[in-house]
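So the sequence shown is numbered by numbering that gives the first Met the number 0: it starts at 0 and just counts up by one. Here's the structure we're looking at; comments come further down.
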Amino acid sequence: MASTIRCDIVSAEHEIFHGEATLVVATGEIGELGIAPKHAPLITRLKPGKVVVTLPSGEQLDFAISGGILEVQPQVVTVLADTAVRAQDIDEAAVLAAKGEAERILAGRGEAMEIAEAQAKLAEALVQLQALERLRKNMKH
């Protein structure tokens, strides 16, 4: 049996995932991090991007997050995400609409606060679209 580590992915709204994993990959501020069982403890900020959890069966679960904190302890890795969604739960039409609205605001060069918010929404939409693309690619194999 493969060695595992417990993985918890939670957002401000609710728990997204709780279970055993053989590997957790997340996008940290300076690049991708791979967390395996017995990883040294650490805390780091996460950029908007993906979190991929490899289950003991070998199945990979793909999540899109808008940023957050990754905490690694001897027996558990915790992703505290601002927002998180499983790739298969992403509403593509809503994400495309949000992306279009953010691009419209950025093209119009509105207020500074509105631009910052639009940039954040655009980044989140792009992360979710990338997660959908990875999900579709994995389903073909």
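Cβ atoms here follow ideal geometry from the backbone N, Cα and C, with glycine treated the same way. Note that the structure is predicted; figures quoted are calculated from it, not measured.
Cα-Cα, which of L128, F16, A25 is closest to A92? Start at 1 with the first residue of the sequence shown, and residue 92 comes out as number 93. Among L128, F16, A25, the Cα nearest to that of A92 belongs to L128.
If you draw a straight line from the alpha carbon of L131 to that of Q87, how long is it in whole angstroms? Against the sequence shown, residue 131 aligns to sequence position 132. Against the sequence shown, residue 87 aligns to sequence position 88. One C-alpha to the other measures close to 7 Å.
Residue of Q74, P47, I89 minimising C-alpha distance to D7: As a first step, residue 7 is located in the sequence shown; it is residue number 8 there, counting from the start. Closest by alpha carbon: Q74.
8 Å Cβ cutoff, V9 in contact with chain B: Here there is only one protein chain, and chain B is not present.
Does the region 6-23 come close enough to the region 56-69 that 3 or more CB-CB pairs lie under 8 Å? yes
For the beta strand (DSSP E) that contains A20, what are its first and last residues? Sequence index remark: in the sequence shown, residue 20 carries index 21 (1-based). Residues 14-20.
Could you pull out every residue in the same chain whose Cβ sits closer than 7 Å to the Cβ of A20, ignoring the five residues on either side in sequence? Within the sequence shown, residue 20 is the residue found at index 21, counting from 1. Cβ within range, chain order: T3, I4, C6, V52, T53, L54.
Among all the DSSP beta bridges, which residues are the ones paired with A80? Along the sequence shown, one-based indexing puts residue 80 at 81. A80 pairs with G67.
Go to G99, then tell me how far its beta strand (DSSP E) extends in each direction, as first and last residue. Position 100 of the sequence shown holds residue 99. G99 -> not in any beta strand (DSSP E); alpha helix (DSSP H) instead, spanning 91-107.
Would you identify the three-state DSSP class for Q129, choosing helix, strand or coil? One-based indexing of the sequence shown puts residue 129 at position 130. Three-state result, Q129: helix.
Verify whether the separation of the beta carbon atoms of L79 and A101 is less than 8 Å. Along the sequence shown, read from residue 1 onward, the residue named residue 79 stands at position 80. Along the sequence shown, read from residue 1 onward, the residue named residue 101 stands at position 102. No, the pair does not count as a contact, with Cβ atoms beyond the cut-off.
Could you round the C-beta distance between V76 and A63 to whole angstroms and report it? I think they count as a contact, below 8 Å. Counting from 1 along the sequence shown, the entry for residue 76 is found at position 77. Counting from 1 along the sequence shown, the entry for residue 63 is found at position 64. So it is not a contact: roughly 18 Å between Cβ atoms.
Between the Cα of P40 and the Cα atoms of Q118, E58, L32, which residue gives the shortest distance? Mapped onto the sequence shown, residue 40 falls at position 41. For P40, the nearest C-alpha among the options comes from L32.
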